[in-house]
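The first sequence begins at 1 in UniProt numbering and counts up by one.
Built from N, CA and C at the ideal position, the CB exists for glycine as well.
Here is the structure we will look at.
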Amino acid sequence: MSNTVEDDDDDFQIPPSSQLSIRKPLHPTNANNISHRPPNKKPRLCRYPGKENVTPPPSPDPDLFCSSSTPHCILDCIPSSVDCSLGDFNGSISSLGEEDKEDKDDCIKVNREGYLCNSMEARLLKSRICLGFDSGIHEDDEGFVESNSELDVLINLCSESEGRSGEFSLGKDDSIQCPLCSMDISSLSEEQRQVHSNTCLDKSYNQPSEQDSLRKCENLSSLIKESIDDPVQLPQLVTDLSPVLKWLRSLGLAKYEDVFIREEIDWDTLQSLTEEDLLSIGITSLGPRKKIVNALSGVRDPFASSAEVQAQSHCTSGHVTERQRDKSTTRKASEPKKPTANKLITEFFPGQATEGTKIRTAPKPVAEKSPSDSSSRRAVRRNGNNGKSKVIPHWNCIPGTPFRVDAFKYLTRDCCHWFLTHFHLDHYQGLTKSFSHGKIYCSLVTAKLVNMKLGIPWERLQVLDLGQKVNISGIDVTCFDANHCPGSIMILFEPANGKAVLHTGDFRYSEEMSNWLIGSHISSLILDTTYCNPQYDFPKQEAVIQFVVEAIQAEAFNPKTLFLIGSYTIGKERLFLEVARVLREKIYINPVKLKLLECLGFSKDDIQWFTVKEEESHIHVVPLWTLASFKRLKHVANRYTNRYSLIVAFSPTGWTSGKTKKKSPGRRLQQGTIIRYEVPYSEHSSFTELKEFVQKVSPEVIIPSVNNDGPDSAAAMVSLLVT
DNA sequence: GCGATCAGGT
DNA sequence: CACACCTGATCGC
């Protein structure tokens with residue numbers, strides 16, 4: 001294990017220059033907004049000796065870069081014993097292969113003051129206010145709990161009944177006992193055992209007992225009727241195995257009874273058997289297997305009435321009925337009057353199919369709840385929904401219009417106007433080149449990406465110009481820059497009913513946004529609530545960029561340092577572009593990414609800061625997940641052994657701020673020769689920004705698009721925005 | 001063999 | 001934790 005040091009934000013000192021000022025917002029055309037050399041900085045060590053004091057070129061040459069700052073506290077953090085040699089250079093980091101995923105564990109996190117760095121602060125801050133607003137999702141969740149509870153009751157009852165019921169018990173000495181009279185029948189032949197147990201069984205049916213008040217009933221139909229009419233009074237099973245054996249016999253497969261006895265297959269187990277299971281327990285002939293599976297499908301059918309089950313399985317004994325009575329008993333807990341046989345399967349899953357896609361109105365002035373991406377995915381799984389009949393979340397629908405936004409996972413034929421706010425997978429998921437459900441409306445940049453990456457033909461795409469009102473199916477639609485990633489838009493819908501809906505998509509608040517909306521009375525606001533929690537109060541992007549720039553300057557005391565900046569397919573461009581501008585250094589990006597940036601409409605001035613020749617730059621843009629762990633970073637290090645002795649990675653994400661001190665522009669982690677900065681560079685709005693935005697828009701209803709901690713919490717958090 | 005989708009991972 | 005992906009397995013054509 002290598003030396004491990006983590007500097008939490010609590011004690012990590014930002015290089016002095018960054019404490020000077022948070023500079024003016026950056027504009028792409030004005031790189032000078034961030035001063036290159038803060039005045040109070042000591043001269044930096046030269047990265048490439050003999051080339052200091054060279055005027056930065058218009059087309060920068062990385063060899064001319066000159067480092068000038070003193071490494072300050074960062075030096076303190078690097079153990080002096082660290083061996084800075086890193087193995088052989090092998091190739092591009094962007095083409096990393098498979099890496100191990102366990103490095104979390106070998107990173108011991110201790111800061112200089114001895115605190116555990118994974119502080120509980122963030123968690124303590126997390127308030128969990130449950131307002132209990134009524135909504136579909138709330139119901140859904142309750143539904144899950146309820147159906148889980150039902151399942152638990154069912155399982156418990158089944159195991160109880162198994163505990164009580166008699167079975168052909170195989171003793172430790174492998175002796176076989178009759179479940180009814182407990183006589184040792186090991187010495188009997190199969191046939192004799194059957195005869196014996198059947199005789200016992202028949203006897204037990206004819207003998208009244210406190211366990212079975214219905215044994216007098218010899219008539220199957222009366223059993224079925226009673227099972228439906230009076231499920232509560234039903235007795236426990238006489239035995240779990242005997243019905244199986246009788247059922248087997250009714251199929252003409254008595255010769256397999258010993259197999260079922262040996263495997264202790266009771267009625268419950270029987271119903272879950274697959275053909276493979278049957279093969280594995282020794283039913284090697286295809287015919288009998290098929291016969292059993294076939295008969296089982298009839299028994300299992302949840303829609304089949306008891307009588308149908310009986311007819312399909314040719315079961316003439318009362319045992320099937322008894323098992324069904326058992327189930328009826330279980331379900332009675334929640335559905336006392338409803339016979340199981342008449343109950344639709346969907347009724348066991350409230351909030352799913354029966355809820356439909358109708359738009360519900362939320363109580364004012366707070367949120368209407370709707371599932372987040374991830375929670376709705378989980379919901380689908382928990383319901384065993386195969387994904388074919390997904391319920392469209394509220395945030396994908398525009399009230400008062402037939403429009404859908406970012407809803408390609410929920411394609412339906414009743415809609416032909418599909419809006420895409422931006423090109424991130426979780427928003428375009430489900431969109432494929434076979435899309436034939438109408439038009440896709442999006443920004444020019446998004447349209448280019450959709451066309452290039454997904455192969456959607458241009459005929460399907462309708463480009464929306466920023467700030468231009470267009471009429472689609474009688475509804476005015478205007479879109480604005482969402483300040484999230486290139487091409488991202490927020491969309492204003494103004495239907496004839498006068499109830500305007502603003503869908504923010506994913507967005508990072510900027511002041512001009514409220515100006516665009518002056519004069520529009522927003523009835524419903526579909527809001528990106530990714531960081532809708534007071535714990536997420538991160539700095540402006542400019543401050544984080546500033547932090548990164550100065551951290552690079554500070555770490556650059558070692559000329560053999562490789563800097564890595566994490567990025568998505570699209571997103572975070574501003575960060576590395578500004579880094580390049582301010583440091584006046586080219587930055588390596590892979591050719592695919594370069595093509596993408598050209599497609600995104602970056603100017604030639606911007607593009608000149610990038611190179612696809614990795615040897616031209618010691619600042620590389622890499623996929624964010626490459627930086628996710630020290631293990632991965634070690635792989636990177638191994639590929640660059642000769643060239644670099646120190647790796648400094650920047651992992652830009654908003655959620656970093658949740659666990660660090662408020663407004664901290666970053667935290668620093670180190671393992672040996674690898675340093676990782678987690679910087680709260682977010683392309684979503686902070687809680688403060690959300691609050692400001694909501695106050696300016698002052699909508700009647702807010703529909704959150706993301707539930708971080710479940711719908712209750714989302715509603716509670718959204719309610720904080722309007723207080 | 002291919003694309004689409006799902007499940008599980010970071 | 002949540003971001004916006006990724007990989008591998010499975011399915012249907």
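Where the alpha helix (DSSP H) through residue i begins and ends
i	result
tryptophan 395	Careful: tryptophan 395 lies outside any alpha helix (DSSP H) and carries neither H nor E.
residue 766	Residue 766 cannot be examined here, being either before or after the span of the chain that is shown, 1 to 723.
cysteine 599	591-599
asparagine 638	630-639
lysine 604	604-607
valine 697	687-697
valine 648	Run containing valine 648: none in the alpha helix (DSSP H); it sits in the beta strand (DSSP E), 646-652.
arginine 581	573-583
valine 544	541-555
aspartate 426	425-428
Endpoints, the beta strand (DSSP E) within which residue i is located
i	result
methionine 513	Premise fails: methionine 513 lies in the alpha helix (DSSP H), 512-516, not in any beta strand (DSSP E).
glutamate 264	Neither: glutamate 264 is in no beta strand (DSSP E) and is coded neither H nor E.
arginine 667	667-671
valine 679	674-679
leucine 492	489-494
isoleucine 702	701-704
Residues near residue i in its chain [Cβ-Cβ closer than 7 angstroms; skip 5 each side]
i	result
serine 244	Looking at the sequence itself, residue 244 is valine, so the reference to serine does not match. Correct list, in chain order: Phe260, Ile265, Asp266, Trp267 and Leu270.
leucine 594	Phe610 and Val612
tryptophan 458	Asn451
leucine 248	Ala254, Tyr256, Glu257 and Phe260
Own chain residues within Cβ distance below 6 angstroms of residue i, not counting five before or after
i	result
threonine 723	none
leucine 721	Leu690, Lys691 and Val694
lysine 499	Gly400 and Ser523
threonine 415	In the sequence under discussion, the amino acid at residue 415 is cysteine, which differs from the threonine named in the question. Correct list, in chain order: Pro402 and Arg404.
leucine 449	Phe423
aspartate 326	Because aspartate 326 sits at a pLDDT of 30, beneath the cut-off of 50, its placement in the model cannot be relied upon, and the point is left open.
serine 510	Asn483
In DSSP terms, what residue i is bridged to
i	result
isoleucine 522	Ala500
tyrosine 441	Phe419 and Gln462
serine 567	Pro623
asparagine 471	Asp476
Own chain residues within Cβ distance below 8 angstroms of residue i, not counting five before or after
i	result
isoleucine 392	Thr357, Arg404, Ala407, Tyr410 and Thr412
isoleucine 489	Thr421, His422, Cys442, Ser443, Thr446, Leu464, Leu466, Cys479, Phe480, Asp481, Ala482 and Gly505
isoleucine 607	Leu594, Leu597 and Glu598
Sub-9 angstroms separation of residue i and residue j beta-carbons
i	j	result
glutamate 614	threonine 653	no
serine 682	arginine 508	yes
alanine 496	threonine 421	no
leucine 462	tyrosine 428	The sequence shown places glutamine at residue 462, not leucine. Cβ atoms of glutamine 462 and tyrosine 428: not closer than 9 angstroms.
aspartate 485	glycine 571	It should be noted that the sequence gives cysteine, not aspartate, for residue 485. Contact flag set, yes.
valine 648	arginine 676	yes
glutamine 553	leucine 577	no
isoleucine 456	leucine 431	yes
leucine 502	valine 697	yes
leucine 600	glycine 487	yes
phenylalanine 419	isoleucine 491	yes
lysine 439	leucine 454	no
alanine 551	phenylalanine 650	yes
phenylalanine 538	proline 680	yes
Option in the options with minimal Cα separation from residue i
i	options	result
glutamate 598	Thr446, Leu253 and Leu296	Thr446
alanine 628	Tyr568, Ile619, Val592 and Lys604	Tyr568
leucine 564	Ala543, Ile570 and Arg632	Arg632
methionine 513	Asn638, Leu466 and Leu577	Leu466
histidine 417	Val477, Leu454, Phe687 and Val622	Val477
valine 549	Ile398, Gly252, Arg249 and Pro665	Pro665
residue 730	Ser686, Cys397 and Glu542	The question about residue 730 has no answer here: the residues shown for the chain are numbered 1 through 723.
glutamate 555	Leu273, Ile619 and Pro699	Ile619
histidine 394	Leu525, Lys634 and Ser186	Leu525
valine 622	Val592, Asp537 and Trp655	Val592
lysine 469	His437, Ser520 and Ser651	Ser520
glutamine 671	Leu296, Lys634 and Thr688	Lys634
lysine 540	Phe602, Cys397, Ser436 and His684	His684
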